[in-house]
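Asks: Here it is, the structure, as structure tokens.
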Amino acid sequence: MMEHILISLLVWFLVPAVMGIYPRFFPCDDDLISVDCMGRDLTSVPHIRSTEVQSLNLNHNEIWHVGSKAFSGVPNLRNLTMMWNCAPGRYKNLGIPLCSLKIDSRAFVALKNLQTLILTGNSLTTIPALPECLQILDLELNNLFSLKDPLGTPS
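Under the working numbering, think of the first position of the sequence shown as 951, with each following residue one higher.
What follows is the structure in structure tokens.
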């Protein structure tokens, strides 16, 4: 009986301490409104469900596809950076296969608060529809040669 009480007390005190060490959005770090997944070797956008998250860093991973509902769990996202997931030819490290990040045409449209979208160095060949609230868009170092549509932003 005493052992059970002792174990219960240990669990009662240790579980909150351990939960404080490990982030809510494993394998990423977070501080309630920001989630940092930089350099985690992710191959897809993590499934994060939080109305509090406003900033998401997906830089330096291996994400080569973004689906239409990839960000549906973070409706209040304001800042999204997805840099260097699929570096263009001459910026690619030796031994890494050629790739091209494909983003579903509707991936960002539902993000009604998205103000900053950084997509530098992803070998993009097309640009998906963008939310009207977007203020900053960075498309440096991609494989974009012409723009046929007005990117879905207000004129």
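Every residue, glycine too, gets a C-beta built ideally from N, C-alpha and C.
For ARG1028, which residues in the same chain have their Cβ closer than 6 Å to its Cβ, ignoring the five residues on either side in sequence?
Replies: Result list for ARG1028: GLN1004, ASN1063, GLN1065, in chain order.
Asks: Taking ASN1007 as the reference, give the member of THR1070, ARG1056, GLY1017, ASN1093 with the closest Cα.
Replies: Comparing Cα-Cα distances from ASN1007 to each of THR1070, ARG1056, GLY1017, ASN1093, the minimum goes to THR1070.
Asks: Of the choices PRO1025, SER1050, GLN1085, whose alpha-carbon is the least far from that of ASN1093?
Replies: Minimum Cα distance to ASN1093 is reached at SER1050.
Asks: Please classify ASP980: is it buried, with 16 or more other beta-carbons within 10 angstroms of its beta-carbon, or exposed?
Replies: With 16 or more other Cβ atoms within 10 Å, it is buried.
Asks: Mark PHE1021 as exposed unless 16 or more other C-beta atoms lie within 10 angstroms of its C-beta, in which case mark it buried.
Replies: It counts as buried.
Asks: Taking the straight line between their C-alpha atoms, what separation do you get for VAL1090 and PRO1078?
Replies: Residue identity differs from the one stated: residue 1090 is Glu in this sequence, not Val. Cα to Cα, GLU1090 sits roughly 15 Å from PRO1078.
Asks: Apart from the five residues just before and just after LYS1052, which ones in its own chain have a Cβ nearer than 6 Å to its Cβ?
Replies: Within the same chain, LYS1052 has close Cβ partners HIS1015.
Asks: Taking the straight line between their C-alpha atoms, what separation do you get for CYS978 and GLY1023?
Replies: Near 15 Å, if we compare the C-alpha coordinates of GLY1023 and CYS978.
Asks: Under 6 Å Cβ to Cβ from MET969, same chain only, skipping five residues before and after it: list those, please.
Replies: Low confidence applies to MET969: its pLDDT is 43, below 50, so where it sits in the model is not reliable, and the reading given next is rough at best. The answer is none, since no qualifying residue turns up.
Asks: Do GLU1002 and LEU982 have their C-beta atoms within less than 7 Å of each other?
Replies: Yes, Cβ-Cβ distance for GLU1002 and LEU982 is below 7 Å.
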